[in-house]
Structures are given as C-alpha cells and as structure tokens.
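Structure record follows, encoded as structure tokens.
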Amino acid sequence: MAVTSIHPFAQCITCHAWSPDQSMVAFCPNNNEAHIYRLVEDKWEKVHVLQKHDQVISGIDWSARSNRIVTASHDRNSYVWNLEGSEWVPTLVILRLNRAALCVQWSPKENKFAVGSGAKTVCICYYEQENNWWVSKLIRKRHDSSVTSVSWHPNNILLATTSTDGKCRVFSTFIKGVDAKDSKKSTSSDLKFGELIVQLDLSSSWTFGVKWSPSGNTLAYVGHNSMIYFVDDVGPSPLAQNVVFRDLPLRDVLFVSEKTVIGVGFDCNPMVFTADERGVWGFVRYLGERKIVSSGSRYGSQFSEAFGKFYGQSKQGGSNDAVETSRTRGAVHDNCINSIMPLGERGILTKRFSTSGLDGKIVLWDLENEHDLLEL
Amino acid sequence: MAGSEGFVEADNAEAIITRIEHKTLKIETLLKQFKPVEALKTALEGTYAMTSDERCKSAHWIVVHRAIMAIKDVDGMLSSLDPEYYDILMKYLYRGLSTGDRPTCDQCLRIHEKLTERAGHGCILRFLTDTVNTV
C-alpha cells in the first residue's frame, strides 16, 4: 500500500503546507490559528502557533526558497509570516476584499502570491520595497462567483482559477516592475495585468482544485459533478477532455508527472488518472485499499451505517471501528480529503505527497512501490 | 432581433417534435418485436441536443417513459446498454420519480437501484448538479 504514515493532528484540518526541507508542517485545525509541528525523534512536536487571524484560515502556503508562510482567512485578510530569530513575525496584507479569502498560493518565483476569494475576485499580491508593504492588485469583474482555487503556471505570469460559477479561467498577472519583460518569451509578457487568456466552460456545476502539470502544458481541474477535466494547449484553441467517474466528486488534484494525476475528495480515497500514449486520460484505480465491491443487499445496511456514524460522531472518535461505513472501511481517511501537497524534490516526477482532510489527519503517501503507476 | 431568435427557436421546436414523432413509431415497432432494450436506446438517443423548450421535453419524456415502462429484465437491459447512456437514463428516472405516478415510480425505483450499482454515486451527482441540460 502506498501509505507511509498517518498522523492524526486535529479534529479537522482545513489546509496544510510543508516547510522547504519538509521537517515541519503547518496546518490550520479549523480555527483562526495555524499550528507548526516538527518531527523530533519520530514524534511530532508543536513548535509554533501563528495567531493573528480572527477567523478560520482557509489557505496556507510555505515558500520553498524564501521560507515565508502566507495565510489567507475568512477574515478577508492575509498575513505573510517571516521567521526572525525563533519567532514568526506577521505582516498584514490588506487584500481589499469584502468577502472571505478562500485559497492562496505563492508564485513559482515567490515574488507574488495569489488569493482567491468569495468576493468574485482574485488578488495578486507583490512586495513593494520602498514602502515595505505587500500590495494587493485585484482582478475584478471576471468571475461570476467565488474563486475556489488558484494555480500558478511555471512561467510565473499565468494564473489559472476555478470558481463556483462552473468555469476555469486563465489570466495574465504581469506586473510592471515585478516581472522582468526580457526574461520571458514575448508571448506571455506582452499580456497586460488581468487579461483573460481563456475561459473554459466545461462544467455545469462548481469547479475546484485547478493545477498545472510540471511543464505547464496541461491543466487539470475537477467539477462537483464527479468529473475531472484535462486541458491541453491552453490558449486560443484549447483541447479539452473530460473523464467521468463513478464515485463522489473530487476536491483537489496533483500532477505527480506529466501523465499522471492524483485526485482527492469526498470519496476519502485518492484516485489515480493517467494519460495513455495517445494523450487520452482515464481513471486507473484507487490508491488506498480496494473498496468492498457493492452487493445487492448493500443499500439497506448503508442507511443504518450512516445512522450509526451520525450517532458515533457525538462520542468524538473513540471506538470508531464500529461505526465506520463499508465505503470507508479500510480507507486511510474517513472523511472528505480537501488538500493534497507534493513532497520531496520538485521535479518532473513527484513520488511522495501528503493529503489532509476533514477527519483531521495528515497522511503521507509514497508511490515508490506502486510499480504499475510509475511505469506509466 | 429577439423576434427572429424566437422564430428560429419555434422552428427548431417543430423540427424536434417531428423527429420525436418518427421516433415514437420506431419505438412502437421495436416494442411489438419484443425488443424493449432497443426501444429504450432509440428513445434515449439524441436527447443530448435538448432544447429548453418545455413542449419538446414533455414530448421526449412521453417517448422515454413508454420505453422505460416496457423494460422487464432490468439487469439484462443495463448489461446491453452502453455506459454512455447511463447519465441520461438517470435524468429520466428522476423525472419519472417526480411524476408521483405509482407504477412509474415503482419501475423507476427498480431501475434506479440497479443503475446506481452499476454507474455509482457519480451518476446521481451528475444528475443533481446539471441545471443546464435538464430533461
């Protein structure tokens, strides 16, 4: 099995991120704090609590080179945290939002970060040296609903977003003075800030979890209708594919290679999707334990199991085995997985990654022994 | 402008109704030949090109309903039905359940159980979330 370790940290985890050397993990235990744990002699030790937000932290990202943490919260603000001595010092970033911030991600060069929000806007934030201040520039009037996820193209200019209006969009985030004009290919730097490159209208329901492939050639995102979308040749004439699957919808995806995607979501069990040599995407299998094959008599018992789970939850954990549903029995997570993060060297191939979800666990996975997947 | 668009829409609707009438004849023939699965396939075909026109939807539903009610062997039907039809069939099953008619509901529930086993919860999710292409 691909699981290497399971760490039950909290009741519920909204988001998590790893330090550059992956010795520490930062996560939000469904409140206004971010906790940082370090692995000391096989035991996780709480080393810092980042306490500045007023409401639930919905997004967190830890930059790999500059060692900065950015958090986004329902309180409509972001903080950039710098480690000074042994203390994490927050810098307030006024996003100028009138609704909750929902997701955040550092750009590949770590000179900008993007925040998606419930105010139908995306904030692109960058540092202004002369004022010692993070400035937020908004992409307005482009989304018809909340922005659920943001993802940076490797070129540091293009940003993909998904929204509850069912669309996936790609924008230019070129900012004068921040992005050097000559360093990039002429195509991406000619674009003005906030220019819409492409709008993909493939889903009729909410969309989540957009990601670029390592090369930036392929875009993947999921719909709340149990479908996953793959888009090649992002530009004027994109090539889109949709893959239907039989179980509950996904929330987030991760490219582990150009041709392999891991999807996580309401089914509590990571799913693997791959592209064949012709570039056609399809569902391969679950990464966790095989599910129990459904039998005819399952439906009656499912209700009583759900009922049992409902009452079991008031006991808060404890003897959970008795009330686990057949669907999740043997699975590693027992509630919706809402985030997946890569681990190890960022390169063409990611073999290790972590998942966190509403069950408060952070699970580490390794594809090393999944030979059928690595051959692809 | 709006007037001409309305005209095109109406014209379209007429064409669709005519096509549905042809379909009805074909389905009746298939049912007489004891080919209920073929009839259902024919009924479900082309429903992707649905308009928002309520008249067309009702006409189509009558055809599909006729085919659904003729199904005796649900497992056999699902085995020979292409998986690409599962989503559209699910939509019609929910339409059937919404009628409240006893025999229709009985039949739709029977198929619903078997279809869910085959096509999973994802199929139901796709019905629930699709507010654009309703049947």
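Residue numbers (this note's numbering), protein chains in the order written: chain A, 28 to 403; chain B, 1010 to 1144.
The beta-carbon is built from N, C-alpha and C at its ideal position, and this holds for glycine as well.
- Contact between the stretch 259-267 of chain A and the stretch 284-299 of chain A is absent: fewer than 3 CB-CB pairs across the two stretches fall below 8 Å.
- Contact annotation: the stretch 96-105 of chain A touches the stretch 119-130 of chain A, with at least three C-beta pairs closer than 8 Å.
- Listed along chain A, no residue sits closer than 8 Å to Val1073(B) by beta-carbon distance, the nearest being about 21 Å off.
- Contacts between Ser232(A) and chain B, judged by CB atoms closer than 9 Å, involve Leu1134, Arg1135, Leu1137, Thr1138, Asp1139 and Thr1140 in chain order.
- Contact check for Ala1052(B) against Ile1036(B) passes: the beta carbons are separated by less than 7 Å.
- Around Asp260(A), the same chain offers Leu266 as residues with beta carbons nearer than 6 Å, after the five sequence neighbours per side are excluded.
- Within the same chain, Cβ atoms closer than 6 Å to the Cβ of Cys42(A) are found at Cys55, Gly86, Ile87 and Ser366, the five residues on either side in sequence being excluded.
- His75(A) and Trp115(A) do touch by the CB rule: their CB atoms are close to 6 Å apart, below 8 Å.
- For Ile289(A), the enclosing beta strand (DSSP E) begins and ends at Thr287 to Gly292.
- Secondary-structure assignment with DSSP links Leu110(A) through a beta bridge to Trp115(A).
- C-alpha of Ser178(A) to C-alpha of Ile389(A): approximately 22 Å in a straight line.
- Straight-line measurement puts the Cα of Ile1077(B) at about 14 Å from the Cα of Arg1111(B).
- A check of alpha carbon separations from Asn158(A) across Thr189(A), Thr118(A), Gln132(A) and Ser144(A) identifies Thr118(A) as the nearest.
- The C-alpha of Phe36(A) is placed about 14 Å away from the C-alpha of Val359(A).
- Here DSSP, grouped into helix, strand and coil, assigns Cys39(A) to coil.
- In summary, the residues of the stretch 254-280 of chain A whose CB is separated from some CB of chain B by less than 8 Å are Met254, Val271, Phe272, Arg273, Asp274, Leu275 and Pro276, in the order they occur in the chain.
- At least one CB of chain B lies nearer than 7 Å to the CB of His251(A).
- Between Gly1129(B) and chain A, the shortest Cβ-Cβ separation is below 7 Å.
- Counting along the chain, no alpha helix (DSSP H) covers Trp233(A), and no H or E run does either.
- Within the stretch 143-225 of chain A, complete beta strand (DSSP E) segments of at least 3 residues are found at 149-155, 160-166, 174-179, 185-190 and 195-199, given in chain order.
- Nearest to Tyr248(A) by alpha-carbon distance, out of Val205(A), Lys194(A), Gly309(A) and Ile63(A), is Lys194(A).
- Proximity of the stretch 249-259 of chain A to the stretch 1107-1125 of chain B falls short of the contact definition, fewer than three beta-carbon pairs being nearer than 8 Å.
- Taking 8 Å as the upper bound for CB-CB distance, Ala146(A) and Leu110(A) are not in contact here, some 31 Å apart.
- Residue environment for Gln132(A): buried (at least 16 other C-beta atoms within 10 angstroms of its C-beta).
- Counting other Cβ atoms within 10 Å of its Cβ, Val67(A) stays below 16 and is therefore classed as exposed.
- Distance from the CA atom of Gly387(A) to the CA atom of Lys1123(B), rounded to whole angstroms, is 35 Å.
- Gly1085(B) carries a helical assignment under DSSP once its states are collapsed to helix, strand and coil.
- As computed with DSSP, Ser32(A) is found in a beta bridge with Leu391(A).
- Sixteen is the threshold: since fewer than 16 other Cβ atoms of the shown chains lie within 10 Å of the Cβ of Gly1085(B), the residue is exposed.
- Taking the Cα positions, Glu372(A) is about 15 Å away from Met51(A).
- Shortest Cα-Cα distance from Asn1142(B) to any of Lys1100(B), Tyr1094(B), Phe1043(B) and Pro1092(B) involves Lys1100(B).
- Below 8 Å, too few C-beta pairs join the stretch 1126-1139 of chain B and the stretch 236-244 of chain A to call them touching: fewer than three.
- Our two residues, Cys150(A) and Leu165(A), have alpha carbons roughly 5 Å apart in a direct line.
- In the three-state reduction of the DSSP assignment, Thr1033(B) falls in the helix class.
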